[in-house]
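S.K.:
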Amino acid sequence: MSVHLDPDKIETYIRESENIYIKSALGDELFLDVKKNPEKYQLLLDGGTYETKCKKKIIITGLRVALAYYTYACIVKNGDGNVSRFGFVNKEGEYSSHTVFKEKMMVYSDACSIADRYLKECVLYLKECGMPLYNGEGKLKSNRTVFRVIGE
1 MSVHLDPDKI
11 ETYIRESENI
21 YIKSALGDEL
31 FLDVKKNPEK
41 YQLLLDGGTY
51 ETKCKKKIII
61 TGLRVALAYY
71 TYACIVKNGD
81 GNVSRFGFVN
91 KEGEYSSHTV
101 FKEKMMVYSD
111 ACSIADRYLK
121 ECVLYLKECG
131 MPLYNGEGKL
141 KSNRTVFRVI
151 GE
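Per the UniProt record's numbering, the sequence shown runs over residues 1 to 152.
#1: What are the boundary residues of the alpha helix (DSSP H) that includes Lys77?
#2: Would you report the Cα separation of Thr71 and Lys55, rounded to the nearest angstrom?
#3: Between Ile60 and Tyr41, what straight-line distance do the alpha-carbon atoms span, to the nearest angstrom?
#4: For Tyr134, which of helix, strand or coil comes out of DSSP?
#5: Which stretch, first to last residue, makes up the beta strand (DSSP E) that contains Lys53?
#6: Which residues share a DSSP beta bridge with Ile59?
#7: The alpha helix (DSSP H) spanning Asp33 covers which residue range?
#8: How close, in whole Å, do the beta carbons of Cys74 and Glu16 come, if the pair is a contact with beta carbons under 8 Å?
#9: Since I believe Tyr134 is in contact with Leu126 (beta carbons under 8 Å), could you give me their beta-carbon distance rounded to a whole number of angstroms?
#10: Quick one: what does DSSP say residue 196 is sitting in, helix, strand or coil?
#11: Run through DSSP, which three-state label would Asp110 get?
#12: Helix, strand or coil: which one does DSSP assign to Leu5?
#13: Can you give the Cα-Cα distance for Glu128 and Leu5, rounded to whole angstroms?
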């Protein structure tokens, strides 16, 4: 991603992603506690390895990586002026050209799918470890933007 992105826009997309995806998966109480006491949730936030009750080792990627992918998806979805200072572009030598809508949709969908997978790992970890503040619902939002290409 370009270093010329507006930091305020990135902050907005991070907050949106936290509130739409992460908060609904963790539940309000756990979400607030994770934000207030991140040191208590290092494995959940940063990922790592844990052992299940059946002595099976599981690797999770962590909430921060999931949040990064959700944020990236928001940046791609919201288009021009976000991924580089000239928009979401294809680099062709020293000049760039705008990407076609279909490519943008594919990148958005791919980033959301990866983020969903990482968030699902975190929810499974919460269920397995029996976190006291976790309410056990772990609903993953899939309220994606639906793109319809007409005429291709």
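A virtual CB, placed ideally from N, CA and C, is assigned to each residue, including glycine.
M.R.: On the basis of the coordinates in this document:
#1: 63–77
#2: 34 Å
#3: Annotation: Ile60 to Tyr41 spans about 13 Å, alpha carbon to alpha carbon.
#4: coil
#5: First-last for Lys53: undefined, no H or E at that position.
#6: DSSP output for Ile59 lists Thr49 as bridge partner(s).
#7: 28–36
#8: 6 Å
#9: Taking a contact as a CB-CB distance under 8 Å, the pair Leu126 and Tyr134 counts as one, their CB atoms being some 4 Å apart.
#10: The structure shown has nothing for residue 196, since the chain only spans 1 to 152.
#11: helix
#12: coil
#13: 39 Å
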